[in-house]
Amino acid sequence: MHWMNDLRRIDLNLLVILDALLSEQHVTRAAERLHLSQPAVSHALARLRDLLGDPLLVRAGAALAPTARALELVAPLAEALAQVQSLLAPNTFDPASARRTFRIAMSDYGAAIILPGLIGILRREAPGIDLQVSHASREGMLEGVLNGDIDIAVGVFPDLPHELRSTPLFEEHYVCLVDRQSLPANGILDLPTYLARPHVLLEMRGSGTPEIERTLTALRERRRVAVSLPHWSVAPQIISGTDLILTVASRALDDIDQQTLVVVPPPFVIPPFSFVLTWHKRRGGDQALNWLNQRIGEGIVRG
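full-length UniProt numbering puts the sequence shown at residues 1 to 303.
In structure tokens:
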């Protein structure tokens, strides 16, 4: 592509600024992220526009929107910077003295399982390693890893793009959470009762739990979702004292109030699934990232 010739005329500092601008889509936020002044970033953007012959970012209300050319640059730019970082990194990674910030995307379910053990390991072994944890849909997490905004994503990703690498952390299965008083007298949640009752769905921007819906579709059945939530923390309180049902990964229910709530098997077979850690293949030579990936697996709270 002809723009690759243009990139050869741009110094590394401009590439770093361009990466921040494309990520933040806001001059002030990009300046804060880079610890530069706003005029310096504005000047760099003017240089980039001149060198690349494209406005790159155009005003859209209070924000800046990337042009088609800018969107074309996102992936190769992230890859180029990652390769430079890998090239300049020392041959060995010393966690005790390292100073690094990693951006990790995960749900609150993943955070509850991973972060307690991982943070303990980091404070003991790598106190200079900082984490920025974000929450998004499955699609949003993968997009972040692909475009370089996220270093690691942790979650359920049955269909990974070929650019990404992954390692399984553990196998999971679904269970149902109901109010103890709403459970049938025989203590069994059967399929007619499951389908007749309203449900709570945990979803982030429409990602939902497609494994459950696919299984019901195969059975030619549907459930009614009465409450849709983007996070887990309030879900047990919603179930308590109601006829609602929550079908969710089993490890999410380790600490529920068993006086009022009860966990029962779903009345139909939902295939188990792998909870995985994924990163971009271009980061394969990043020793610090490889070290963190291993520690994430070691720090998982066992269920």
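C-beta: ideal position from N, C-alpha, C; glycine also.
Under the three-state reduction of DSSP, Asp149 is assigned to coil, being neither helix nor strand.
Under the three-state reduction of DSSP output, Ala249 falls in the strand class. In the three-state reduction of the DSSP assignment, Ser97 falls in the coil class, being assigned neither a helical nor a strand state. Excluding sequence positions up to five before and after Leu122, its CB lies within less than 8 angstroms of the CB of Ile129, Leu131, Arg295, all in the same chain and listed in chain order.
Beta-bridge partners assigned by DSSP to Asp243: none are found.
The stretch 166-180 makes contact with the stretch 264-276, as at least three CB pairs between them are under 8 angstroms. The beta carbon of Val262 lies closer than 7 angstroms to those of Val178, Arg180, Leu183 in the same chain, with the five residues before and after it left out. Taking the Cα positions, Leu195 is about 49 angstroms away from Glu125.
The alpha carbon of Glu72 has as its nearest neighbour, out of Thr92, Leu115, Asp19, Val41, the alpha carbon of Asp19. Under DSSP, Leu202 shares a beta bridge with Leu229. Burial check for Arg282: the Cβ neighbour count within 10 Å reaches 16 or more, so the residue is buried.
Scanning its chain for C-beta atoms nearer than 7 angstroms, with the 5 sequence neighbours on each side dropped, one finds around Val145 the residues Ala153, Leu164, Thr278, Trp279, His280, in chain order. Around the beta carbon of Glu221, fewer than 16 other beta carbons sit within 10 angstroms, so the residue counts as exposed. About 6 angstroms separates the CB atoms of Ile238 and Val227; that is less than 8 angstroms, so the two are in contact.
Residue pairing by DSSP leaves Ser182 without any beta bridge partner. Within the DSSP bridge table, the entry for Gly155 names Val276 as partners. The closest CA to that of Asp286, considering only Leu219, Asp94, Ser134, Met141, is found on Asp94. Fewer than three beta-carbon pairs drawn from the stretch 239-249 and the stretch 96-104 are found closer than 8 angstroms, and the two stretches are therefore not classed as touching. Secondary structure within the stretch 55-84: the beta strand (DSSP E) runs of 3 or more consecutive residues, fully enclosed, are 57-60, 63-66 (chain order). In the structure shown, the three-state DSSP call for Asp257 is coil. Only buried fits Leu292, as 16 or more other CB atoms lie within 10 angstroms of its CB. Residue state for Pro168 is assigned as strand, using DSSP reduced to three classes. Counting only residues of its own chain and dropping the five nearest sequence neighbours on each side, Asp108 has a CB closer than 8 angstroms to the CB of His135, His231, Trp232, Ser233. Ranked by Cα distance from Asp255, the options Ser97, Ile113, Leu229 are led by Ile113. Taking all protein chains shown into account, Ala65 has fewer than 16 neighbouring C-beta atoms within 10 Å of its C-beta and is therefore exposed. The residue among His199, Leu201, Cys176, Val200 with its C-alpha nearest the C-alpha of Leu189 is Cys176. Cβ neighbours of Thr193 within its own chain (closer than 8 angstroms, five residues either side excluded): Pro184, Pro267. Here Gly120 is near Gly299, since their CB atoms are less than 8 angstroms apart.
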